[in-house]
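Numbering (UniProt numbering), first residue to last: 1 to 101.
So this is what it looks like as structure tokens:
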């Protein structure tokens with residue numbers, strides 16, 4: 001069960017939660033070589049899974065659920081590799097919302 005958010009005495013609103021970075025997560029975020037290796041590995045694995053799913057679809061007259069699932073899983077692996085390489089979380093600009101009266 002998650003703990004309730006602390007309520008600020010000034011605004012009466014719930015205070016935002018702070019995420020805690022583990023030492024391993026900080027190392028992976030700061031290590032460019034680690035991101036390159038893991039990102040390209042996931043991209044290669046996704047391409048491999050996707051290509052074998054395509055091969056199964058092309059060789060069979062009936063498309064099965066397993067082949068479609070394999071294609072989707074391959075696309076997911078590929079996308080995760082791209083996300084690790086691009087690292088959009090560190091590039092986000094967090095702006096505060098204007099307060100309404």
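Note that the Cβ used here is the ideal one computed from N, Cα and C, for glycine as well.
So for residue 60, helix, strand or coil by DSSP? For the purposes of this step, residue 60 is taken as residue 60 along the chain shown, with counting starting at 1. Three-state DSSP puts residue 60 in coil, outside helix and strand.
Please look up how many angstroms separate the CB atoms of residue 87 and residue 35, rounded, as I've assumed it's under 8 Å. The count along the chain shown starts at 1 and reaches residue 87 at position 87. The count along the chain shown starts at 1 and reaches residue 35 at position 35. That belief holds up - the Cβ atoms of residue 87 and residue 35 are roughly 7 Å apart, short of 8 Å.
Just to check my reading of the structure: residue 53 and residue 74 have Cβ atoms closer than 8 Å, yes? What is that Cβ distance to the nearest angstrom? Locating residue 53 in the chain shown gives position 53, where the first residue counts as 1. Locating residue 74 in the chain shown gives position 74, where the first residue counts as 1. Rounded, the Cβ-Cβ distance is 6 Å, consistent with contact.
Using C-beta distances below 7 Å, list every residue in its chain close to residue 38, excluding the 5 sequence neighbours before and after it, in chain order. Translated into positions along the chain shown, residue 38 becomes position 38. If we look at residue 38 and ignore the five residues flanking it on each side, its Cβ neighbours are 84.
Provide the residue span of the alpha helix (DSSP H) that contains residue 75, from first to last. For this step, residue 75 is matched to residue 75 along the chain shown. Note, residue 75: alpha helix (DSSP H), 65–86.
If you draw a straight line from the alpha carbon of residue 82 to that of residue 60, how long is it in whole angstroms? As a position in the chain shown, residue 82 is number 82, starting the count at 1. As a position in the chain shown, residue 60 is number 60, starting the count at 1. Between residue 82 and residue 60, the C-alpha separation is close to 31 Å.
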